[in-house]
Amino acid sequence: MEVPSRHRPLVLLVAVILAQVLLLAFQIRRDRDVRLIRVWSAELLTPLQRAGTFIVTKTDGLWFGYIDLRNVRTENRNLAEQVGELRLKNQQLQGQAAQAVRLARLLGFRQANADIPMMAAEVIGANADATSRTVFINRGEQDGIRRNMAVITPDGVVGKISEALPHTSQVLLVTDRESGVGTLLAGTRTHGVVKGTGDPLLWMDYVSTDEKVPSGEEVLTSGEDRIFPKNVPVGWVASTKAGFPFQTIEVTPAAHLDRLEEVLVLTTEKSLNIHSPAEANSPSQQNPPEAKQQQNADALANAEVSANSKPLQATAKQSAVKAAPAKKPTAQTGNPQ
Amino acid sequence: MTVRMGSESQHIEVHKFYAGAVLGVCFLALVLQAFLNRFSPRFGILELPLLVVVYFGLSRRNSVIGLLLGTAVGLLQDGISHTPIGLYGIAKGFIGYIASSIGARLDTEHPISRFILMFLFFHIHQVLLALTMRLLLVQHAPFFTVHLLISSLLNSVIGVFLFAGLDRLRKQ
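Protein chains in written order, with the numbering used here: chain A, 1 to 337; chain B, 1001 to 1172.
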């Protein structure tokens, strides 16, 4: 049967829509993803995202330095160049110092958990829709990343690998509606499930209304979901609301999910216990704080952080020493059940 | 290049673009959308891929090209989002088709008509997404909210300026 030419576009529309409906039905029925399209999409678009991230990172300090320079020039033309250069250099150093502090924390965490295989990765992009909360990292299958591996920072849980592509991976953040983490309350050891809502706050579910949950109580992973190791910080209780049979608990995420730059992927699926850097640095927890700080600083000096010059290593070393006492006391998070 | 076609009573201008401009703009819209979402979820209010699908649909005025371009952009958007493959593909394919069909019948060069069309296409797109999610994925999705209204108005305003900028990519 021949289709009249004026109806051909309509027939094509129906065919294309029908094909995609079948594709959706296939994914739902088999609970499987169409990996080929995801790989192609990521391979096409993530290099551009990576390039954009690189350019923004490198020009950020320069841009603000330039604005400062212009303001100073209007005040005093003769001193403008000198002041501008110093400001620019200061911005660059501040950026490098901030990066060094972040990397020192990652390194400290990694050294504290030397027995756990983990891999550092850089966040290079995000999702392209408003309904999901995902990011892309610059490590993929070729680096040993696999689906469902846990992704964390020293602050706490970030999410899990939802797609491992050849050169990049997609991380499903804990704030995504489809996320769920087996958790417990640090004080009472009451178990529950923390779910994403699509908003910055999380919900902890399945905690009985009879249970008293104070605001600010720490929420840790329970390890029951077989994705996240036990005792990784998930967040803090923000508020509670009575319900039946379970109360509604809002949880503030421990990790800074809105400004992720570097993350750690736990490249194992075994059951693990996470230690804070303080725990690992003090075999009997009797070392004075200064000794812990010195260990952190020494570890940093030996590390291959992106510091290429000796002055930067010295800056980072000082930053690590300054940062250590201000850090939240995560030693208690290593408390095994 | 502008091509006039149709009967004596109907003159439809079909605009052609410089080589690679369509692909480049579509890629840029997808990358920019993902790139902005990385810095703040507030940028989720933008729908840059939809804007470019509507623009090229209205300009090319070929329903087959509009359908295929919309489907391709939608599938790529699905590919880098945590959504089932086909969700945005269906919605954007349909939008590309109707944008091309409407572009062949109405004046789509005036800023006011572009604003109104973009506003309507945004809500049709949302209704299609919500229908697909409700019927096929058994997930709740709203047809209309105040947030969506604000989003549609914002995207329509951006569309007016973006479309004027994209007009420069047309072959003279």
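The beta-carbon is built from N, C-alpha and C at its ideal position, and this holds for glycine as well.
Close partners of G125 of chain A in chain B (Cβ separation under 7 angstroms): A1034, F1035 and R1038. Taking a cut-off of 8 angstroms for Cβ pairs, the stretch 1076-1086 of chain B and the stretch 125-132 of chain A touch, as three or more such pairs fall below it. The three-state secondary structure of M1133 of chain B, taken from DSSP, is helix. Along the stretch 200-232 of chain A, the alpha helix (DSSP H) does not occur as any fully enclosed run of 4 or more residues. In the same chain as G1159 of chain B, and ignoring 5 residues on each side of it, the C-beta atoms closer than 8 angstroms to its own belong to L1051, V1054, Y1055, R1114, F1115 and M1118, in chain order. Ranked by how close their Cα comes to the Cα of Q99 of chain A, the residues A:L13, A:T57 and A:T175 have A:T57 in first place.
Taken in chain order, the complete beta strand (DSSP E) segments of 3 residues or longer contained in the stretch 79-136 of chain A are 118-126. Between T134 of chain A and D199 of chain A, the beta carbon gap of about 15 angstroms keeps them out of contact (Cβ cut-off 8 angstroms). With respect to the 8 angstroms criterion, L1076 of chain B and L45 of chain A are classified as neighbours on the basis of their beta carbons. Within the stretch 238-269 of chain A, the runs of beta strand (DSSP E) that reach at least 3 residues and sit entirely inside it are, in chain order, 248-253 and 262-266.
Contact of Y1097 of chain B with chain A by beta-carbon distance below 8 angstroms involves P9 and L13. Per DSSP, L172 of chain A is one residue of the beta strand (DSSP E) stretching across S169 to L173. For the stretch 1055-1085 of chain B, the residues whose beta carbon sits under 8 angstroms from a beta carbon of chain A are, in order, S1063, V1064, L1067, L1068, T1071, L1075, L1076, Q1077, D1078, G1079, I1080, S1081, H1082, T1083, P1084 and I1085. Against chain A, the beta carbon of L1136 of chain B has neighbours under 9 angstroms at V21, L24, A25 and I28, listed in chain order.
In this structure, the alpha-carbon of H256 of chain A lies about 13 angstroms from that of V151 of chain A. Two segments are said to touch when three or more pairs of C-beta atoms, one from each, lie closer than 8 angstroms; by this definition the stretch 138-158 of chain A does not touch the stretch 1087-1107 of chain B.
E218 of chain A sits buried, since 16 or more C-beta atoms from the chains shown fall within 10 Å of its C-beta.
Residue contact check for I1090 of chain B against chain A: a CB pair falls below 8 angstroms. With fewer than 16 other CB atoms across the displayed protein chains lying within 10 angstroms of its CB, Y1018 of chain B is exposed. In this chain, the beta strand (DSSP E) harbouring H191 of chain A covers H191 to K195. Under the DSSP assignment, S1152 of chain B falls in the alpha helix (DSSP H) whose first and last residues are V1146 to L1166. For F1094 of chain B, the neighbours in chain A by C-beta distance under 8 angstroms run, in chain order, L13 and I17. In terms of Cβ geometry, I249 of chain A and V237 of chain A form a close pair [threshold 8 angstroms].
Judged by DSSP secondary structure, I152 of chain A falls within the beta strand (DSSP E) whose first and last residues are A150 to T153.
Taking a C-beta distance under 8 angstroms as the contact criterion, T1132 of chain B and A1072 of chain B do not qualify as a contact pair.
Secondary structure of E178 of chain A (DSSP, three-state): coil. With fewer than 16 other CB atoms across the displayed protein chains lying within 10 angstroms of its CB, E85 of chain A is exposed. Contact between the stretch 160-170 of chain A and the stretch 198-212 of chain A is absent, with fewer than three C-beta pairs closer than 8 angstroms.
Using a CB distance cut-off of 8 angstroms, A42 of chain A counts as an interface residue toward chain B. Within its own chain, the residues whose Cβ lies closer than 8 angstroms to the Cβ of F136 of chain A, once the five positions on either side in sequence are excluded, are A42, T46, Q49, V123, I124, G125, A126, T168, S169, Q170 and V171, listed in chain order. According to DSSP, residue pairing for K160 of chain A in a beta bridge involves A:A150 and A:L172. Closest option to T131 of chain A, judged by alpha-carbon separation, among B:L1137, B:L1135 and B:A1141: B:A1141.
A buried status is given to E163 of chain A, since no fewer than 16 other beta-carbon atoms sit within 10 Å of its beta-carbon. Under the rule that a run must span 4 or more residues, the alpha helix (DSSP H) segments found entirely inside the stretch 1019-1087 of chain B read 1021-1039, 1048-1060 and 1063-1079. Only residues of its own chain outside the window of five on either side were considered, and among them V232, P233, V234, G235, P253, A254 and A255 have a CB closer than 8 angstroms to the CB of G156 of chain A, listed in chain order. Where I28 of chain A is concerned, the enclosing alpha helix (DSSP H) starts and stops at R8 to R30.
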